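Participant: Taken in sequence, the protein lines are chains A and B. The working numbering puts the first residue of the first sequence at 8, with every later residue one more than the last. The working numbering puts the first residue of the second sequence at 4, with every later residue one more than the last. Idealized CB from N, CA, C, for every residue including glycine. No experiment lies behind these values; they were computed from the predicted model shown.
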Amino acid sequence: MIKLSQIFIVLLIILMSISAIAQETDTEAKNKIGLDKVLSRLENKMSGIKTLKTGFVQEKELAVFNNKIVLKGTVYIEKPYRLAWLVNKPLKYSMVMSEDTISQWDEDTNKVQKISLSKNPAFEAVIGQMREWFSGTYTQLMKEYNVILLSDKPVSLKFVPKPASFAANVIKSVTVDFRKDEQYINKILIEEKSGDTTSLLFVDTHLNIPIDPAVWRVAPIVR
Amino acid sequence: MSDNLSLKSENINKTKKLLTVCIFFIIITISIAGMFFVSFDNNMETMLPENGEIIRSMRFLRESDFSDKIILSVKLNDSAYSEIDLIKEVDRLSSILKPSFITDVFYSVSENESAKDLFDFLKYLPQLTGKGTLEKIDSLINTEGIKSILQKNYRQILSPSGMFSTPLIRTDPLGLKTGLLGKLQKFSSSTGYDVIINNGHFLSRDGKHALMILKTSVPVSDGFGSRKLIAYLDKKLESLPPYISVDMISAHLHTLSNEDVIKSDIKLTTTIASIAFFLVFLFFFRDIKAILVFMIPLASIAVAISLSSVFLDKLSYFIIGMGATIAGISIDYGIHVYTAIRCCSNKTDAVKQVAKPVIAGSLTTIGIFAAFFFSDVSGYRQLALFSIISIIFSLLCSLYFLPVFIERKDEYKIKGLFESFSIFPKSVSEKTQDKIWIFFWAILMITALFFSSKTVFDSDIKQFDGSNPQIFKAEESFQKAWGGKENPAILVVSEKDLEKAIYVNELIYNEAVKKLGNENISSFASLWPSEKTRTENALRWNNFWTKEKVLKLRKLLSKEGKAYNFAENAFEPFFEHLYEGTDVSVDVIKNEFLKRIKERFVLKNEKGWQVITFFPDEESYITEFAKISKAHPETFLVSRKSISKALSKAISHEIIYLSIIAALLLPILTMILLKDIRLTILALIPVFIGVAAALGVLPVAGLALNAPGILAVMILVGLCSDYGIFMVYKCRYGHNTGTVTAVFLAALTTLIGTGVLLFAKHPLLFSIGITLFTGLLAGFLSSVIAVPSIYRLWIKGNKGY
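1. Pro170(B) touches chain A at which residues, Cβ-Cβ below 8 Å?
2. The alpha helix (DSSP H) spanning Glu241(B) covers which residue range?
3. Only counting runs of 4 or more residues, tell me where the alpha helix (DSSP H) segments fall wholly within the region 465 to 497 of chain B, in order along the chain.
4. Can you confirm whether the region 261 to 280 of chain B touches the region 105 to 125 of chain B when touching is taken to mean that 3 or more C-beta pairs between the two stretches lie within less than 8 Å?
5. Take Met149(A) as the anchor and find which of Asp113(A), Ala221(A) and Pro170(A) has the nearest alpha-carbon.
6. When you check each C-beta in the region 101 to 124 of chain A against every C-beta of chain B, which residues fall closer than 7 Å?
7. Could you tell me the boundaries of the alpha helix (DSSP H) in which Gly364(B) lies?
8. Using a C-beta cutoff of 8 Å, does Met166(B) count as contacting chain A?
9. Mapping the DSSP letters down to three states, classify Met149(A) as helix, strand or coil.
10. Check Val264(B) in the structure and name its three-state DSSP category.
11. So is Phe427(B) buried or exposed if we call it buried at 16+ other beta carbons inside 10 Å?
12. Going by beta carbon distance, what residues of the same chain come within less than 7 Å of Phe124(B), once the five residues before and after it are set aside?
13. For Glu199(A), name the three-state secondary structure that DSSP assigns.
14. Starting from Ile631(B), trace the alpha helix (DSSP H) in both directions and tell me its first and last residue.
15. Rounded to whole angstroms, how far is the Cβ of Pro52(B) from the Cβ of Ala653(B), which I believe are closer than 8 Å?
16. Determine the direct distance from the alpha carbon of Met53(A) to that of Gly143(A), and round the result to whole angstroms.
17. Measure how close the beta-carbons of Leu46(A) and Tyr145(A) come, nearest whole angstrom, since I'm counting them as under 8 Å.
18. Any contact between the region 169 to 185 of chain B and the region 134 to 141 of chain A? By contact I mean 3 or more CB pairs, one from each, below 8 Å.
19. As a quick exercise: from Leu751(B), Pro766(B), Pro791(B) and Phe769(B), pick the residue whose alpha carbon is nearest that of Leu282(B).
20. Quick one, which of Phe284(B), Ile474(B), Pro619(B) and Pro360(B) has its alpha-carbon nearest Thr673(B)'s?
21. Leaving out the 5 sequence neighbours to the left and right, which residues in its chain are closer than 6 Å to Glu479(B) when beta-carbon positions are compared?
22. Can at least three beta-carbon pairs, one atom from the region 109 to 123 of chain A and one from the region 214 to 229 of chain A, be found at a separation below 8 Å?
23. Among Arg411(B), Phe460(B) and Gly721(B), which has the Cα closest to the Cα of Ile394(B)?
24. Report the CB separation of Leu779(B) from Gly693(B) in whole angstroms; it is logged as a contact under 8 Å.
25. Name the chain B residues that come within less than 8 Å of Ile76(A), Cβ to Cβ?
26. Let's test the definition: count the other Cβ atoms within 10 Å of the Cβ of Trp92(A) and tell me whether it reaches 16, buried, or not, exposed.
27. Here's the rule: buried if 16 or more other CB atoms are within 10 angstroms of the residue's CB, otherwise exposed. What is Cys25(B)?
28. Check Trp797(B) in the structure and name its three-state DSSP category.
29. Kindly give me the distance between the Cβ atoms of Val210(A) and Leu49(A), rounded to whole angstroms, as I take these residues to be in contact under 8 Å.
30. For the alpha helix (DSSP H) containing Glu1(A), name the first residue and the last one.
31. Would the region 562 to 578 of chain B and the region 66 to 82 of chain A be scored as touching if the rule is three or more Cβ pairs under 8 Å?
32. Check the Cβ-Cβ distances between Asn153(A) and every residue of chain B, and say whether any is below 8 Å.
33. Suppose you measure from the CA of Glu433(B) to the CA of Ser390(B); what does that come to, to the nearest Å?
34. Could you check if Pro217(A) is buried or exposed, using at least 16 other CB atoms within 10 Å of its CB as the buried criterion?
35. Could you tell me whether the Cβ of Ser529(B) comes closer than 8 Å to any Cβ of chain A?
36. Report, in whole angstroms, the separation of the C-beta atoms of Leu179(B) and Ile140(B), which I expect to be a contact under 8 Å.
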């Protein structure tokens, strides 16, 4: 009788664990379907964006600085390749990215530096990521990141770099929160392995508006 | 009594014939047996001028392991599939490629691991920092200098790429590693291909191609192994799904394809030639013994191979190939003797009469090939020996062996067909006919000269590549997907000891940078100097970073950093690792990153080590590097452009030299044999027009003259001079030996032999075919038409026409 009860208990444990595994697999599969649906929905919506102008507030909490640094500026995007990153505060800095070149200017040096992306693969890898985050091509990012759906409404996604990826050296995770209308990103939070964090809040976003061609020209200011 | 004498004489003749036949059979049998003991080689160096620079460069390119790599460009053909599918297939393909055929597959890097390797490599900064850089740093360790450095770092950290550069800045606030990264940048962009690393794989910019570099143990020169290797790869590639295709780039493919094209050409041309020769035999000879005429060249090749090997260590396959063609000339002597015997009423008279022009013709041909003994190319000297032996043996066979078997027969009717051939009606006088022929001949000559003036010489070795068009198409498609720059020139430092080779390479690099800048020079020395230099650098580094200097820098960074909000310990990682990497004895080659770079620049061979430097294959660079190389005897330059130029120069020099010797020898020998200046000029008329036509047809066919083409022209000169001499003898002495018939048959057989090459797909065979065929046709026609006409109009006392 004792033996029978023992067998019964063992069987029960086995059945429970099978059921738990099945449930887990089931949840994972559901999550995967849910994530795919969300990503496809987001990409669909963001693919309609041809141009974009948005203000941003970037907060950097880095060990290298005593205090949090807050940067303010504007981002312009013209698909498929153009991206301008203009910082107004606390320093003046601009970076314009075309298909193969990056032009940078800063107030202190008042010099324009041009970098060929094809000749600088490391720089290209870094900047390429930035382009992908901003333009919403998340399926591309899935090659290097595992994605977790944190919230469906409003959408919040957590990207964790795959161990062999380039980003895994520095980034712990990237959390992307979308606007309620899912037209564009609301906030990006980057957590680094070192403990440093960078958040990027997008404000005053305008989609598909004409962009002044002067935005794409980087030139030294004549003082 | 007279019956007895006649019987005795007949018996003596029979014994003589038997003896002759025995001697020839013994010689031929010994030669055939001897062929099994001859050493052959297929080294193309035999065909190169004995110019140390050219041979060394060619040897380097052959022996260096560049040619033992196979590149696969894996292409995604269907837009329904993504980069992820492409990468998946590349991973799968790499997993099924195994030794012994494929020893290594380089198709991906772990970006994370690579970055770690890279940062690990940067640790060795103290060993890699020279005196100049330290002096520059010293000048920056003051308030102003540190202010400007911090400002730059601040900007950098706040830039979009700051997230990735911050860890580096913390360990390197002075930007020392940035310089080193710049050098590394140059290394990665100097691979010649436009590659981006995506998901750890080498992808093209459009994301539709993936690059795989396979290392194989099968050398390109191993034809049998190459065939197995390519079959192995083809089988593995068959497993790829339909949306994936592969462009394979490999020297093995060229070797095999050339072999296949030549084999198929040989099959085709042999079939055509066999049918043509059978028809010639059926229509003109109709005599089973005529087969002996065709056997003479074969026997003479066997004799030439065996006898040449007595004087030479190894015989080149190429020389045997060319020599066999030359031996084909000697069939003409047999044809002349055969025709003479069958045309003449008396066999002995026929042989005596035909012997003179046959000997004269063979002597002029031997004279031309004797000119090759003066050549700088060892292959040409081999060719001279081989050709002369085969011509002499053919001559002996034709004059002594052949007459034993051939008898006069009444039914040999073709003589009448050619000896009295005319296209003009009988009402047109002979003089008018001659004038008309000379007029047409002059037009032909002027046209040939006009076009031959447009002939250009091409020394590019690529022209001999007759690979399948699909291979070139795949290479074109590869270039389109991956870019790919022009092949750089190479400076090679060759030493027994690796460290010594690296040190000399470093000295050369430093000299070159002084003169040419470092922009376009890709050298291992720029990244990893010799142990001697690294030891000196490490010692200098330790001496430079005294406690006082470190303290001063700490204070300055702390004080000036406040203005930029930098934390007190912002640059602590720099000070923590300041003296790391000063130990030169550590085996850094474990660093995968450095190992990959070293593989590109340091080669091992049986003699020792070769360290190579890449630079643009341009005149200015070549000149400067040549000067530097001169001061270092253990170095040499390898420039494809220079090889091409040097080859062109050497071959042009060779051509001029040999042509002058041949041009002098040919008229002198002809003059000695004919003993008349006008007859000599007449005998050379077919040579002039033959050469002019051969050279003239090349630009018309869109071809250029090349080294084998020159050999073809030399053969042409030998053949056409024979035709000229025979026709002059015919005109001068009027012997009834069926000369026109013999010249026709000789030309016909040679034209068949060369004409079939016009069906060849291989460019080398085709160019030789078109040169010989056109030249021979022009030479033959002018010998049977122009020579008799000019003779009749110009030289009195005509006996034959």
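Facilitator: In short:
1. Val177 and Ser201
2. Gly226 to Glu241
3. 472 to 485
4. no
5. Pro170(A)
6. Met102, Asp113 and Asp115
7. Lys350 to Ala373
8. yes
9. coil
10. helix
11. exposed
12. Asn594, Phe596 and Leu597
13. strand
14. Glu622 to Ala634
15. 4 Å
16. 6 Å
17. 5 Å
18. no
19. Leu751(B)
20. Pro360(B)
21. none
22. yes
23. Gly721(B)
24. 7 Å
25. Leu161 and Asn568
26. buried
27. exposed
28. helix
29. Not a contact, Cβ separation roughly 20 Å.
30. This structure does not reach residue 1(A), given that chain A is present from 8 up to 230, and the question cannot be answered.
31. yes
32. no
33. 41 Å
34. exposed
35. no
36. 7 Å
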